[in-house]
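Engineer:
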Amino acid sequence: MLTSAFASVITVSIRLIQYGNSWRKEVIMISIDLKSNKPIYEQIIEQIKLHILKGHLNPGDSIPSVRKLALDMSITPGTVARAYQELERQGIIETIRGKGTFIASTQESKTDEGRLAENIKLLRSVVLDLTVMGQSEEEILSLVKKIYKEMSVC
């Protein structure tokens with residue numbers, strides 16, 4: 278883990294995954310930018326979602342406990358708990374008492390109409406801000422495509 282007033286905090290979580298009769302170590306990196314205006318809990322949410330999109334985390338995979346991730350990142354457990362609560366609310370993760378926290382086996386969040394409406398409202402606000410800043414429709418669409426490609430979704 279790197280810690281510095283001038284650097285991001287980077288944590289590496291090592292997971293053991295069973296493949297048949299053998300176990301394999303897998304490293305998942307979560308990077309937090311301390312200089313960002315985005316709250317740390319939102320950065321954690323974004324990082325976990327990106328790992329799911331990129332196929333690094335799959336349904337049923339375990340993720341670090343609140344306490345372990347907080348300790349690894351040198352942040353308060355409340356910050357991690359807030360991120361996990363939001364991910365659980367969205368149906369992305371599930372916590373099984375006594376067993377741990379896992380990527381949800383059913384991604385109900387993809388069909389959650391309330392969540393879709395919430396994101397459309399957010400997108401409208403961003404498009405409005407970009408338009409007021411002088412960005413054209415083509416420039417806005419180009420930015421969206423660039424971000425989409427950066428996430429390696431397509």
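To get the numbering used here, take the position in the sequence shown, counting from 1, and add 277.
C-beta atoms are modelled at their ideal positions from N, C-alpha and C, and glycine is treated no differently.
Predicted, not measured: the structure shown is a model, and the values here were computed from it.
1. Pick from HIS333, GLY355, MET410: whose alpha carbon is nearest that of SER342?
2. Rounded to the nearest angstrom, what separates ASN335 and MET428 at their Cα positions?
3. Report the rounded CA-to-CA distance for THR372 versus PHE379, giving the unit in angstroms.
4. Buried or exposed: which applies to VAL357, given that a residue is buried once 16 or more other Cβ atoms fall within 10 Å of its Cβ?
5. At what residue ranges does the stretch 300 to 373 contain a whole run of the alpha helix (DSSP H), taking only runs of 4 or more?
6. Taking ILE307 as the reference, give the member of LYS315, PRO316, ILE322 with the closest Cα.
7. Quick one: what's THR378 bridged to in DSSP?
8. If you reduce the DSSP assignment to three classes, tell me which class GLY433 lands in.
9. Go through its chain and collect everything with a Cβ distance to ILE325's Cβ below 8 angstroms, but skip five positions before and after it.
10. In whole angstroms, what is the alpha-carbon distance linking SER402 and ILE352?
Structural biologist: Based on what the coordinates show:
1. The count along the sequence shown starts at 1 and reaches residue 342 at position 65. The shortest Cα separation from SER342 among HIS333, GLY355, MET410 belongs to GLY355.
2. The sequence position of residue 335 within the sequence shown is 58, counting from 1. The sequence position of residue 428 within the sequence shown is 151, counting from 1. Those two C-alpha atoms are separated by around 16 angstroms.
3. What you label residue 372 is simply residue 95 of the sequence shown in a count that begins at 1. What you label residue 379 is simply residue 102 of the sequence shown in a count that begins at 1. Distance between the alpha carbons of THR372 and PHE379: 6 angstroms.
4. Walking along the sequence shown from the start, residue 357 turns up at place 80. Counting Cβ neighbours within 10 Å, VAL357 comes out buried, since at least 16 surround it.
5. 317 to 330, 343 to 350, 354 to 366
6. Residue mapping note: residue 307 aligns to position 30 of the sequence shown, counting from 1. Nearest C-alpha to ILE307: ILE322.
7. Counting from one through the sequence shown, the residue named residue 378 turns up at place 101. Answer is ILE340, THR372, bridged to THR378.
8. Shown here, the chain extends from 278 to 431; a query on residue 433 therefore has no answer.
9. Numbered from 1 along the sequence shown, position 48 holds the residue referred to as residue 325. Answer for ILE325: ILE307, LEU334, ILE340, ALA360, LEU364, ILE369, ILE370, listed in chain order.
10. By 1-based counting over the sequence shown, the position of residue 402 is 125. By 1-based counting over the sequence shown, the position of residue 352 is 75. Using only the alpha carbons, I get a separation of about 31 angstroms.
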